[in-house]
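There are 2 protein chains.
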Amino acid sequence: MSGRAVTIAEVARHAGVAVSTVSYVLSGKRTISADTRRRVLDSISALGYHPHAGARSLASKRSNVIALVLPLRAGMHVPVLMRFATAVVTAARRFDHDVLLLTADEGPEGIRRVAASALVDALVLMDVELHDRRVPLLRELAEPSVLIGFPAEPAGLTCVDLDFAAAGARCVAHLAERGHRQVALLGAPAVVYERGTGFARRTREGFTAAVAEHGLEGVALPCEETFDEVHATVAGLLAARPALSGLVVHNEAAVNHVLGSLRQLGRRVPRDVAVVAICPDDVAERAGPPLTSVLIPAEEVGREAVRLVMRKLEGLDVPDATLLTPHLAVRAST
Amino acid sequence: MSGRAVTIAEVARHAGVAVSTVSYVLSGKRTISADTRRRVLDSISALGYHPHAGARSLASKRSNVIALVLPLRAGMHVPVLMRFATAVVTAARRFDHDVLLLTADEGPEGIRRVAASALVDALVLMDVELHDRRVPLLRELAEPSVLIGFPAEPAGLTCVDLDFAAAGARCVAHLAERGHRQVALLGAPAVVYERGTGFARRTREGFTAAVAEHGLEGVALPCEETFDEVHATVAGLLAARPALSGLVVHNEAAVNHVLGSLRQLGRRVPRDVAVVAICPDDVAERAGPPLTSVLIPAEEVGREAVRLVMRKLEGLDVPDATLLTPHLAVRAST
DNA sequence: GCCGGTCGTCGAAGCGCTTCGACAGTCTCA
DNA sequence: TGAGACTGTCGAAGCGCTTCGACGACCGGC
Chain L
1 MSGRAVTIAE VARHAGVAVS TVSYVLSGKR TISADTRRRV LDSISALGYH
51 PHAGARSLAS KRSNVIALVL PLRAGMHVPV LMRFATAVVT AARRFDHDVL
101 LLTADEGPEG IRRVAASALV DALVLMDVEL HDRRVPLLRE LAEPSVLIGF
151 PAEPAGLTCV DLDFAAAGAR CVAHLAERGH RQVALLGAPA VVYERGTGFA
201 RRTREGFTAA VAEHGLEGVA LPCEETFDEV HATVAGLLAA RPALSGLVVH
251 NEAAVNHVLG SLRQLGRRVP RDVAVVAICP DDVAERAGPP LTSVLIPAEE
301 VGREAVRLVM RKLEGLDVPD ATLLTPHLAV RAST
Chain R
1 MSGRAVTIAE VARHAGVAVS TVSYVLSGKR TISADTRRRV LDSISALGYH
51 PHAGARSLAS KRSNVIALVL PLRAGMHVPV LMRFATAVVT AARRFDHDVL
101 LLTADEGPEG IRRVAASALV DALVLMDVEL HDRRVPLLRE LAEPSVLIGF
151 PAEPAGLTCV DLDFAAAGAR CVAHLAERGH RQVALLGAPA VVYERGTGFA
201 RRTREGFTAA VAEHGLEGVA LPCEETFDEV HATVAGLLAA RPALSGLVVH
251 NEAAVNHVLG SLRQLGRRVP RDVAVVAICP DDVAERAGPP LTSVLIPAEE
301 VGREAVRLVM RKLEGLDVPD ATLLTPHLAV RAST
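Chains as they are written, first to last, in the UniProt record's numbering: chain L, 1 to 334; chain R, 1 to 334.
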């Protein structure tokens, strides 16, 4: 299996056809008789032939690789990123593409490099921020791209994301249905709002709008991620609003600390305080008690991003914005 | 910046030299006069030239890409994987290489594919298990590879990992120094031990050996990851061993639940029970109270893996096994 | 003053693939 | 029955780069 690699010429000789015929069998770009096709395919598997990626990309101007660009900062919680990543890889493979992983360390220059060197055909950017340095570059690039998340100025770009506003609103609606009148949102750390991360803000907007719509009383607070800070926030919140009975938590790292704080403060979940989280399913399931939650559909988002970028590669039209509908899973915490 | 890409021929014409001269300026494989070099470099940046990756890989038989293969299952906790991944990417860029991300979905066949198609020059496998289906393939591959983690039969392979046995022992030694006589290890979920994941077992072995060496009493238990199960385990443990005063936790997902259970059971940390964790630093820092911990040095492991694989690419000798020394950070929990 | 040895540069031969145009052979239908 | 349209296959021309051998120009040593 080692040694020098098998080339298309050897396959052609083995099958008794021309090199171009082998190529057409593989690409399906011209009709080939069933008989010839079979002989070629047999030779391919007999010899263990794998086309040389570089040669292919040189001749066809397609590398069959897409770039997956990691976020500038780990604003979104890390496990979620990993899911996006595996979802993107899996989806890309279905389209016969591989995935090149790019960190943000290199910044826009790295994106330009892989695009200009034809290493990749297209790009998927994860966890885009409102004012993302990489976004202007994407506009001038010939290669198609899809963003996961929304920048402030999405005109001319293709963006996919969970509809966080709807997610925030969905949580409020659920609490309202359950009869809660006074609710609060514990969100991302303050610094995340300050640097304008879209999903944090959009959740808060959805929350606030829904609170008004349902005629509830509500407050939205940022939430740090150490136990002591979470505890202080929760304690302060409950002291200031004794009647508060519904909590929306949109912060994966803090979810368990919130529950711990409530226990320590003697509030039972869900009897005294109902809790809805926006977080991955496994975090919600492992919590004590298991949390009613809106999951972050990483797989779905990743798949959709790849689907869109593939359509763009084929020159097809795609919608500028794709918002995925949030789904609420009811568990023991409400 | 878009439109047809700049080729080496255009750079050569612009600089008034031969194509080969430009190539030699770029690769440094032949001496070039300072004057010519400058002219060529000026032309390169004036035209914004980026060598075509496919053409380069075809001509040079080097793609300058390494594959990063994700684990078969998410045995190790996910954020740690993400760190490995970014560390590998960052380190690879220092060697002028990019990183192709491969999931385990494809299994060994995916590895063979990217190797045989010359898409990648070398491979780094993350989180290798004791009996890993992908390992036999690596032995017959011409491309060099490095494993993060150890399979049962590591002969002929290059492996890197944190020295988990030493990490387990280090935790025990720390508790012994603090005067604890009865200690316990809460490890990975049972299923992880059953499928023979190396790092979980090695930590347990190190723990057990150190317990004997220090003349302590100790027990090692697997530990599930939902709050209720963790709580049951912790409660059972404390009931069975009232004198237990030191706890080693090697399970990221359960760490916060362990602390929550102790709180709920009225045990103060560290006064009643001291806790040492083996987990990433940020998890330890965010816990309540912040945990004394042995961190999993993902960055270091990733960097080392890349360094080794690059040496192998150059045909240099590398050690079969690289074990990184664990470091203990003392915080409030002991 | 000539010879052997660098040094710096060039031209050309591939690397393995895709794709275009060409062309026999078949089929269809007036 | 012959013109025209397909079908299935081939040969050859690149794609953009690296690398090998060649070759002036210049050097120092005798």
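Where a beta carbon is used, it is the ideal one built from N, C-alpha and C, also for glycine.
Where residue 6 of chain L falls: helix, strand or coil (DSSP): DSSP places residue 6 of chain L in coil when its eight states are reduced to three.
With 8 angstroms as the threshold, decide whether the Cβ of residue 209 of chain R is near any Cβ in chain L. Cβ-Cβ to chain L under 8 angstroms: no for residue 209 of chain R.
Would you mind sorting residue 319 of chain L into buried or exposed? The rule is 16 or more other CB atoms within 10 Å of its CB. Per the 10 Å Cβ criterion, exposed.
Quick one: what's got a C-beta closer than 7 angstroms to residue 23 of chain R's C-beta in the same chain, skipping five residues either side? The answer, listed in chain order, is 8.
At what residues does the beta strand (DSSP E) containing residue 188 of chain L begin and finish? Looking at the DSSP string, residue 188 of chain L is not in any beta strand (DSSP E), and its letter there is neither H nor E.
Residue ranges of each beta strand (DSSP E) run of no fewer than 3 residues wholly in the stretch 214-265 of chain L, ordered along the chain? Whole beta strand (DSSP E) segments, 3+ residues: 217-221 and 246-249.
Just to confirm my understanding: we take residue 193 of chain R, look at its own chain, exclude 5 residues before and 5 after, and list those with CB closer than 8 angstroms. What are they? The beta carbon of residue 193 of chain R sits closer than 8 angstroms to those of 187, 200, 201, 204 and 222, all from its chain and outside the five residues before and after it, given in chain order.
Do you know offhand how far residue 100 of chain L's Cα is from residue 102 of chain R's? Residue 100 of chain L and residue 102 of chain R: Cα-Cα distance of roughly 9 angstroms.
Give me the Cα-Cα distance between residue 251 of chain R and residue 206 of chain R, rounded to the nearest whole angstrom. Cα to Cα, the separation comes out at about 16 angstroms.
Quick one: is residue 310 of chain R near chain L, going by C-beta distance under 8 angstroms? At a cut-off of 8 angstroms between beta carbons, residue 310 of chain R makes no contact with chain L.
Under the three-state DSSP convention, the category residue 323 of chain L falls into: If DSSP states are grouped into helix, strand and coil, residue 323 of chain L belongs with the strands.
Can you find the residues in the same chain that come closer than 7 angstroms, C-beta to C-beta, to residue 18 of chain L, ignoring five residues on each side of it along the sequence? Sequence-distant partners of residue 18 of chain L (beyond 5 residues in either direction) whose C-beta falls short of 7 angstroms from its own C-beta, in its chain, are 12.
Return the first residue and the last residue of the alpha helix (DSSP H) that residue 171 of chain R is part of. Segment 164-177, the alpha helix (DSSP H) holding residue 171 of chain R.
Looking at the C-beta of residue 106 of chain R, does it have a partner C-beta in chain L at a distance below 8 angstroms? Taking Cβ atoms only, chain L reaches closer than 8 angstroms to residue 106 of chain R, which makes this a yes.
Compare the C-beta of residue 57 of chain L with all C-beta atoms of chain R and state if any pair is closer than 8 angstroms. So yes, residue 57 of chain L belongs to the interface.
Please compile the residues from chain L whose C-beta is within a distance smaller than 8 angstroms of the C-beta of residue 68 of chain R. Residues of chain L passing the Cβ test: 101.
On the three-pair Cβ rule with 8 angstroms, is the stretch 165-180 of chain R touching the stretch 238-250 of chain R? These segments touch.
Report, in whole angstroms, the separation of the C-beta atoms of residue 148 of chain L and residue 124 of chain L, which I expect to be a contact under 8 angstroms. That pair is a contact at about 7 angstroms.
Note down, in chain order, all residues in the stretch 114-130 of chain L with a beta-carbon under 8 angstroms from any beta-carbon belonging to chain R. When CB distances to chain R are screened at a threshold of 8 angstroms, the residues of the stretch 114-130 of chain L falling below it are 114, 116, 117, 118 and 119, in chain order.
Quick check: residue 91 of chain L and residue 263 of chain L, are their CB atoms within less than 8 angstroms of each other? Cβ distance not < 8 angstroms, so residue 91 of chain L and residue 263 of chain L don't count as in contact.
What does residue 225 of chain R touch in chain L if you count any residue whose Cβ is under 8 angstroms from its own? Contact note: residue 225 of chain R reaches chain L through 286, using a C-beta cutoff of 8 angstroms and chain order.
Output the boundary residues of the alpha helix (DSSP H) element that contains residue 282 of chain L. That run of the alpha helix (DSSP H) goes 281-286.
Would you tell me roughly how many angstroms separate the C-alpha atoms of residue 279 of chain L and residue 198 of chain L, rounded to the nearest one? Each residue's alpha carbon lies about 16 angstroms from the other.
Quick one: which residues of the stretch 254-270 of chain L get their C-beta closer than 8 angstroms to a C-beta of chain R? List them in chain order. So the list reads 256, 257, 259, 260, 263 and 264, given in the order they occur along the chain.
Can you tell me whether residue 42 of chain R is buried or exposed, with buried defined as 16 or more other CB within 10 angstroms of its CB? Around the CB of residue 42 of chain R, fewer than 16 other CB atoms lie within 10 Å, so the residue is classed as exposed.
Please state the DSSP three-state secondary structure of residue 42 of chain L. Under the three-state reduction of DSSP output, residue 42 of chain L falls in the helix class.
For residue 60 of chain R, list the residues DSSP reports as bridge partners. Answer is none; residue 60 of chain R lacks a bridge partner.
Within a Cβ cutoff of 7 angstroms, which residues of the same chain sit near residue 156 of chain R, ignoring the five residues on either side of it in sequence? Closer than 7 angstroms at the Cβ level, and outside the excluded window around residue 156 of chain R, lie 139.
Could you tell me the distance, in whole angstroms, from the CA atom of residue 20 of chain R to the CA atom of residue 52 of chain R? Per the coordinates, the alpha-carbon of residue 20 of chain R lies some 15 angstroms from the alpha-carbon of residue 52 of chain R.
Got a sec: is the Cβ-Cβ distance from residue 81 of chain R to anything in chain L below 8 angstroms? Closer than 8 angstroms to some Cβ of chain L, the Cβ of residue 81 of chain R qualifies, so yes.
Residue interval of the alpha helix (DSSP H) (run including residue 155 of chain L): Residue 155 of chain L -> no alpha helix (DSSP H), and no H or E assigned at all.
I'd like to confirm something about residue 163 of chain R: is its beta-carbon nearer than 7 angstroms to some heavy atom of the ligand FMN, or not? Within the structure as shown, the ligand FMN is missing, as the structure has no ligands at all.
As a quick exercise: from R/16, R/98 and R/94, pick the residue whose alpha carbon is nearest that of residue 119 of chain L. Closest by alpha carbon: R/98.
I need the boundaries of the alpha helix (DSSP H) containing residue 17 of chain R, first residue and last residue. Element bounds for residue 17 of chain R: n/a, residue is neither H nor E.
Say whether chain R places a C-beta atom closer than 8 angstroms to the C-beta of residue 23 of chain L. Judged by the 8 angstroms Cβ criterion, residue 23 of chain L is not in contact with chain R.
Going by DSSP, what residue range makes up the beta strand (DSSP E) through residue 65 of chain R? Its beta strand (DSSP E) spans residues 65-69.
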